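2 protein chains.
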Amino acid sequence: MKALVSAMVVAGATAAASYAVGQTQEPISPIQPPKQINLGMSELGKKLFFDPRLSKSGFISCNSCHNLSMGGSDNLQTSIGDKWQQGPINSPTVLNSSLNLAQFWDGRAADLKEQAGGPIANPGEMAFSHTLALDMLASIPAYQREFKQVFGKDKLDIDQVTLAIAEFEKTLVTPNARFDQWLLGKQDALTQDELTGYKLFKESGCVGCHNGEAVGGNSFQKMGLVEPYKGNEKAEGRSAVTGKDADRFNYKVPTLRNVELTYPYFHDGAANTLTEAVDVMGRIQLGKKFTQAENAKIVAFLKTLTGDQPSFQLPILPPSADNTPRPTPFK
Amino acid sequence: MKALVSAMVVAGATAAASYAVGQTQEPISPIQPPKQINLGMSELGKKLFFDPRLSKSGFISCNSCHNLSMGGSDNLQTSIGDKWQQGPINSPTVLNSSLNLAQFWDGRAADLKEQAGGPIANPGEMAFSHTLALDMLASIPAYQREFKQVFGKDKLDIDQVTLAIAEFEKTLVTPNARFDQWLLGKQDALTQDELTGYKLFKESGCVGCHNGEAVGGNSFQKMGLVEPYKGNEKAEGRSAVTGKDADRFNYKVPTLRNVELTYPYFHDGAANTLTEAVDVMGRIQLGKKFTQAENAKIVAFLKTLTGDQPSFQLPILPPSADNTPRPTPFK
Numbered sequence: 001m002k003a004l005v006s007a008m009v010v011a012g013a014t015a016a017a018s019y020a021v022g023q024t025q026e027p028i029s030p031i032q033p034p035k036q037i038n039l040g041m042s043e044l045g046k047k048l049f050f051d052p053r054l055s056k057s058g059f060i061s062c063n064s065c066h067n068l069s070m071g072g073s074d075n076l077q078t079s080i081g082d083k084w085q086q087g088p089i090n091s092p093t094v095l096n097s098s099l100n101l102a103q104f105w106d107g108r109a110a111d112l113k114e115q116a117g118g119p120i121a122n123p124g125e126m127a128f129s130h131t132l133a134l135d136m137l138a139s140i141p142a143y144q145r146e147f148k149q150v151f152g153k154d155k156l157d158i159d160q161v162t163l164a165i166a167e168f169e170k171t172l173v174t175p176n177a178r179f180d181q182w183l184l185g186k187q188d189a190l191t192q193d194e195l196t197g198y199k200l201f202k203e204s205g206c207v208g209c210h211n212g213e214a215v216g217g218n219s220f221q222k223m224g225l226v227e228p229y230k231g232n233e234k235a236e237g238r239s240a241v242t243g244k245d246a247d248r249f250n251y252k253v254p255t256l257r258n259v260e261l262t263y264p265y266f267h268d269g270a271a272n273t274l275t276e277a278v279d280v281m282g283r284i285q286l287g288k289k290f291t292q293a294e295n296a297k298i299v300a301f302l303k304t305l306t307g308d309q310p311s312f313q314l315p316i317l318p319p320s321a322d323n324t325p326r327p328t329p330f331k
Numbered sequence: 001m002k003a004l005v006s007a008m009v010v011a012g013a014t015a016a017a018s019y020a021v022g023q024t025q026e027p028i029s030p031i032q033p034p035k036q037i038n039l040g041m042s043e044l045g046k047k048l049f050f051d052p053r054l055s056k057s058g059f060i061s062c063n064s065c066h067n068l069s070m071g072g073s074d075n076l077q078t079s080i081g082d083k084w085q086q087g088p089i090n091s092p093t094v095l096n097s098s099l100n101l102a103q104f105w106d107g108r109a110a111d112l113k114e115q116a117g118g119p120i121a122n123p124g125e126m127a128f129s130h131t132l133a134l135d136m137l138a139s140i141p142a143y144q145r146e147f148k149q150v151f152g153k154d155k156l157d158i159d160q161v162t163l164a165i166a167e168f169e170k171t172l173v174t175p176n177a178r179f180d181q182w183l184l185g186k187q188d189a190l191t192q193d194e195l196t197g198y199k200l201f202k203e204s205g206c207v208g209c210h211n212g213e214a215v216g217g218n219s220f221q222k223m224g225l226v227e228p229y230k231g232n233e234k235a236e237g238r239s240a241v242t243g244k245d246a247d248r249f250n251y252k253v254p255t256l257r258n259v260e261l262t263y264p265y266f267h268d269g270a271a272n273t274l275t276e277a278v279d280v281m282g283r284i285q286l287g288k289k290f291t292q293a294e295n296a297k298i299v300a301f302l303k304t305l306t307g308d309q310p311s312f313q314l315p316i317l318p319p320s321a322d323n324t325p326r327p328t329p330f331k
């Protein structure tokens, strides 16, 4: 993690130094390297993120559905949970998720720490319980020692677990996208088509919701603003959290950072390609039918939002002890 | 990969230099660093090893059941396959598997290359087909380029896929175990109990099958030599390959390298702990009932066989293209 953070800091510094005159008036801002990371906590969180023993089956880890080899998502329409249950919603990317105003599509978790506890105990996802997860972790001497070292407490609790996972997730930002290089002043970072795509993205109104550092993630919006969205609605959206009928089919606007990697698109994963996603968004959110050429240019712009992917050593997990409760995948 | 191989070479060299007078008469020999690795091929193989798109569901990769965070196994009694099917047998570790005389518990694959094609097309495991896997890979420009660079051919075929995976797997050796340090002459690498355990391991006959560089992996033996093994036999063993009734319940002797990490034990994963495994093996293979103290010392010795785990950056996979066939987990 030291190496990762250093690399990011260096990348940020280099970028700032090279492109002295940046685009400061743009509605999108460059991704910043993570700040004030507790490295010990983040290293522990990385292990937990990759540990399938946090699931009942011993088979599903955070990384199963937020796969850091694949843009922090699972690239499935909806996720696979315990006993191969079909999830109700598309797995959002964990990349840059620290920049979201809230977590989950409906924003039901205020922050990453609150989010991290959800899937572990969700019967349709990891199907475990916080108590069982703690029993498992506490039985493993190397985890015991590492928790004690990081948190300075004798007793493990779920707050420590979710804090550590959240701390690791804060490191999962993706700076240095070509678009950010352009924002920072590197004029030739984008092609003419990509720049035209960005212009269309701004002028058509996409940027109204997809703006800021994460190019989204900072508001809830109705899916189907101009025209109703014809999806197979299993989720009701933000109204499930607020209880307000007006919030029905409202979802957190997803980040467009690394959107090239996070297919399929929308809360229901119904759009397989960026071309399809741009077409549907144009029609139902903006009342605009993009021509094929316009669509292609917007897609070209979107692909410039792919940043440096998190780079770290695959974590090695401490082995279970003789008294560690064993997973029960088939019970 | 360069870093990995260099690190291993350095580790090997250091060890050889420091401990000039080694134990050359022992029936177990130190793990050697991997030799003559084609780095380009191995890097490609690493991506394939981690790519769940080689399965029908898009959810199961080689690493799902041979998890390199967990000793190259899944630590489950039997593995979970497509649609949560329960596998018939315990997932053997991929660590040091290049040292096995043949692959799979029944040795039905001659080498790693032949093995690698099996799970992809097994309806109970990744449930894909070689044709579909190739269609998927060929549709992804970055994979196309990398295959062409490594193999110099215009057309992708399954031999290239399995060769690349096998090349990566050849790097997955675990040198520098404390026991190897002792073998190489570092007298204080083992405690007295561990040395006594090793002496018991040799004198009781365990070493008759568990010997050589991998401490096993180099012969087929009957499970239940002295006393019948009382397992829930779903697999018939080596006879499924040879057709000979004499080979019934014969299995490849598993490597004991990293055995601390590869629980549960036996082809059916029925033994949860090393204590249990040592007890059962003593009784049914050697006709010997180890005392609790003897058992504990043998277990202490076995834990000295944990070597340096493979250390590499989590691979980043190239994204699917618009025309890449999408996984079908729920069909």
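Read top to bottom, the protein sequences are chains A and B.
With the UniProt record's numbering applied, the first sequence covers 1 to 331.
With the UniProt record's numbering applied, the second sequence covers 1 to 331.
Every residue, glycine too, gets a C-beta built ideally from N, C-alpha and C.
Every value quoted in this text rests on a predicted model; they were computed, and no experiment measured them.
Around Asn-176(A), no beta-carbon contact reaches into chain B at under 8 Å, the shortest distance being about 14 Å. Under the DSSP definition of a beta bridge, Ala-127(B) lacks any partner.
Measuring C-alpha to C-alpha distances from Gln-36(B) to each of Asn-176(B), Val-94(B), Glu-169(B) identifies Glu-169(B) as the nearest. Between the region 25-32 of chain A and the region 293-300 of chain A there are fewer than three C-beta pairs closer than 8 Å, too few to call the two in contact. Apart from sequence neighbours up to five positions away, the residues of its chain that approach Lys-288(A) with a beta-carbon distance below 8 Å are Ser-204, Gly-205, Gly-282, ordered along the chain.
Closest in C-alpha terms to Gly-124(B), from the list Thr-273(B), Glu-260(B), Ser-55(B), Gly-45(B), comes Ser-55(B). Residue contact check for Ser-42(B) against chain A: no CB pair falls below 8 Å. Just so you know, the alpha carbons of Thr-273(B) and Glu-146(A) end up roughly 23 Å apart. Thr-191(A) has a beta carbon lying at 8 Å or more from every beta carbon in chain B. Partner residues in a beta bridge of Ser-42(B), as assigned by DSSP, do not exist. Contact between Ala-138(B) and Leu-156(B) holds, with the beta-carbon distance rounding to 5 Å and staying under 8 Å. Taking all protein chains shown into account, Ser-61(A) has 16 or more neighbouring C-beta atoms within 10 Å of its C-beta and is therefore buried.
Where Tyr-143(B) is concerned, the enclosing alpha helix (DSSP H) starts and stops at 141-151. The beta carbon of Asn-295(B) does not come within 8 Å of any beta carbon belonging to chain A, so the residue lies off that interface. Under the 8 Å criterion on CB atoms, Leu-95(A) is classed as non-interfacial with respect to chain B. Put simply, the region 81-90 of chain A does not touch the region 147-166 of chain A. Fewer than three CB pairs are less than 8 Å apart.
Annotation: Arg-53(A) to Leu-134(A) spans about 11 Å, alpha carbon to alpha carbon. Rounded to the nearest whole angstrom, the C-alpha separation of Ser-311(B) and Ala-121(A) is 31 Å. Within a 10 Å sphere around the beta-carbon of Val-94(B) sit 16 or more other beta-carbons, which makes this residue buried.
Leu-261(A) is a Cβ neighbour of Met-70(A), given a cutoff of 8 Å. Among the CB atoms of chain A, none fall inside 8 Å of the CB of Asn-90(B).
The continuous alpha helix (DSSP H) containing Lys-170(A) extends over residues 158-170. Gln-221(A): member of the beta strand (DSSP E) spanning 220-222, first to last residue. Scanning its chain for C-beta atoms nearer than 8 Å, with the 5 sequence neighbours on each side dropped, one finds around Thr-275(B) the residues Asn-295, Ala-296, Val-299, in chain order.
Arg-248(A) does not reach chain B, its nearest Cβ partner there being about 26 Å away, counting only Cβ pairs nearer than 7 Å. The count of Cβ pairs closer than 8 Å, one atom from the region 103-116 of chain A and one from the region 234-249 of chain A, reaches three, so the stretches are in contact. Cα atoms of Leu-68(B) and Gln-192(A): separation of roughly 44 Å, rounded to the nearest angstrom.
Taking 8 Å as the CB threshold, Thr-275(A) lines the interface with chain B. At the C-beta level, Ile-140(B) and Ala-321(B) come within 8 Å of one another. Neighbours of Ile-80(A) in chain B, taken as residues whose beta carbon is under 8 Å from its own, are Ser-57, Phe-59, Pro-329 in chain order.
Here Gln-25(A) is exposed: its Cβ has fewer than 16 other Cβ atoms, across all protein chains shown, within 10 Å. Taking 8 Å as the CB threshold, Glu-260(B) lines the interface with chain A. Straight through space, the alpha carbons of Gly-307(A) and Met-126(A) are spaced by roughly 29 Å. Out of Leu-200(B), Pro-327(B), Leu-76(B), the CA that lies nearest to the CA of Val-278(B) is found in Leu-200(B). Closest option to Val-259(B), judged by alpha-carbon separation, among Gly-224(B), Ala-214(B), Phe-220(B), Lys-230(B): Ala-214(B). Setting aside the 5 residues that flank it on each side, Phe-290(B) is surrounded in the same chain by Gly-282, each with a C-beta closer than 6 Å to its C-beta; the list follows chain order.
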